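Chemist:
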Amino acid sequence: MTDSSPEPEEETPVRPPFYSFVDGVAEVVSREDVASDSVTPRLSLMMRRVNQLMSDDATRRVYRPHGWSHAGFRICIALWVMGPMASHRVTAMTNMGRATVSAALKRISDEGLVIKEPSPDDLRSVHVRLTPLGEEKIRESYAVHLAGEHEWLDALTPAEKHMLLMLLEKLAANAPRR
1 MTDSSPEPEE ETPVRPPFYS FVDGVAEVVS REDVASDSVT PRLSLMMRRV
51 NQLMSDDATR RVYRPHGWSH AGFRICIALW VMGPMASHRV TAMTNMGRAT
101 VSAALKRISD EGLVIKEPSP DDLRSVHVRL TPLGEEKIRE SYAVHLAGEH
151 EWLDALTPAE KHMLLMLLEK LAANAPRR
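Just so you know, the UniProt record's numbering puts 94 at position 94 of the sequence shown, and the rest follows in order with no gaps.
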């Protein structure tokens with residue numbers, strides 16, 4: 001005896017509301033002949049969305065619970081990886097403005113995470129280095145940060161991760177210069 005009941009239909013996954021917005025933008029630029037393709041605005045919106053979601057996630061998991069500002073975290077990562085450097089190099093390494101770096105350096109210096117010293121080569125310049133406390137805090141915090149990044153990126157295969165990295169590097173290398 002066979003069961004003649006109909007096969008249960010697979011549920012169509014519900015798309016997040018933001019996707020409707022992305023679809024709407026693509027439709028309008030196509031219909032209004034604003035752009036030559038509808039893929040570019042989709043890509044741009046999705047890249048910004050993923051960036052914002054990952055940033056919000058890092059704030060919730062890492063920055064807030066561990067007492068970091070986004071700028072302070074980035075500065076300490078740069079110092080941890082690259083070693084002591086002049087403050088103008090910190091600005092270049094972190095891709096942040098001088099005012100942002102200056103304010104963040106003051107805060108993390110006051111917290112005992114970094115030490116600012118006159119440059120031995122140029123007394124007008126300041127060198128920055130992590131303190132032992134700063135190194136300990138960034139190691140602990142970065143482990144939590146990296147675990148969150150794995151959660152995000154483990155949705156991709158190793159080949160997809162490599163391809164995404166190559167594409168992002170290409171975009172960054174060809175970015176309009178300021």
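We treat Cβ as the ideally placed atom computed from N, Cα and C, and that holds for glycine.
Nothing here was measured: the structure is a model prediction, and the numbers come from that model.
Run the CB neighbour count on Val101, radius 10 Å, all protein chains shown included, and call it buried at 16 or more, exposed below.
Modeler: Walking along the sequence shown from the start, residue 101 turns up at place 101. Answer is buried; the Cβ neighbour count reaches 16.
Chemist: Where does Ala104 sit, in a helix, a strand or coil, going by DSSP?
Modeler: What you label residue 104 is simply residue 104 of the sequence shown in a count that begins at 1. Of the three classes helix, strand and coil, the one that applies to Ala104 here is helix, per DSSP.
Chemist: Under 8 Å, Cβ to Cβ, is there at least one residue of chain C near Ser55?
Modeler: Absence of chain C from the displayed structure is noted, only one protein chain being present.
Chemist: Between Arg64 and Gln52, what straight-line distance do the alpha-carbon atoms span, to the nearest angstrom?
Modeler: Taking the sequence shown and counting its residues from 1, the one referred to as residue 64 is at position 64. Taking the sequence shown and counting its residues from 1, the one referred to as residue 52 is at position 52. Using only the alpha carbons, I get a separation of about 16 Å.
Chemist: Where does Thr157 land, buried or exposed, given buried means 16+ other C-beta within 10 angstroms?
Modeler: Counting from 1 along the sequence shown, the entry for residue 157 is found at position 157. Thr157 should be labelled exposed.
Chemist: Going along the chain, which unbroken runs of the alpha helix (DSSP H) with 4 or more residues stay wholly within the UniProt domain "HTH marR-type" (40-173)?
Modeler: Correct list: 70-82, 87-94, 98-110, 132-153, 158-173.
Chemist: By how many angstroms is the C-alpha of Leu165 removed from the C-alpha of Trp152?
Modeler: By one-based count along the sequence shown, residue 152 stands at place 152. By one-based count along the sequence shown, residue 165 stands at place 165. Using only the alpha carbons, I get a separation of about 14 Å.
Chemist: Under a three-way DSSP split, which group does Asp23 fall into?
Modeler: Numbered from its first residue, the sequence shown carries residue 23 at position 23. Three-state result, Asp23: helix.
Chemist: When burial is assigned at 16 or more other CB atoms within 10 Å of the CB, is Thr91 buried or exposed?
Modeler: Working through the sequence shown from its first residue, we reach residue 91 at position 91. Classification for Thr91: buried.
Chemist: Where Pro84 and Glu160 are concerned, what is the direct C-alpha to C-alpha distance, given to the nearest angstrom?
Modeler: Here residue 84 refers to the residue found at position 84 of the sequence shown. Here residue 160 refers to the residue found at position 160 of the sequence shown. Answer to the nearest angstrom: the Cα atoms are 35 Å apart.
Chemist: For a quick check, are the C-beta atoms of Glu135 and Trp80 less than 8 Å apart?
Modeler: Residue mapping note: residue 135 aligns to position 135 of the sequence shown, counting from 1. Residue mapping note: residue 80 aligns to position 80 of the sequence shown, counting from 1. In this structure, Trp80 lies closer than 8 Å to Glu135 by Cβ.
Chemist: Pick out whichever of Asp33, Leu43, Pro13 has its Cα sitting closest to the Cα of Phe21.
Modeler: Your numbering for residue 21 matches position 21 in the sequence shown. It is Leu43.
Chemist: Are there three or more Cβ pairs, one per stretch, closer than 8 Å when the region 131-145 is compared with the region 97-114?
Modeler: Cβ pair count under 8 Å is three or more, so yes.
Chemist: So what does DSSP say about Ser36, is it helix, strand or coil?
Modeler: Here residue 36 is taken as the residue at index 36 of the sequence shown, counted from 1. Three-state DSSP puts Ser36 in coil, outside helix and strand.
Chemist: On the premise that Gly148 lies in contact with Val62, defined as a C-beta separation below 8 Å, what is that separation, rounded to the nearest angstrom?
Modeler: Within the sequence shown, numbered from 1, the residue matching residue 62 stands at position 62. Within the sequence shown, numbered from 1, the residue matching residue 148 stands at position 148. Going by Cβ atoms, the distance from Val62 to Gly148 rounds to 7 Å, so yes, they are a contact pair.
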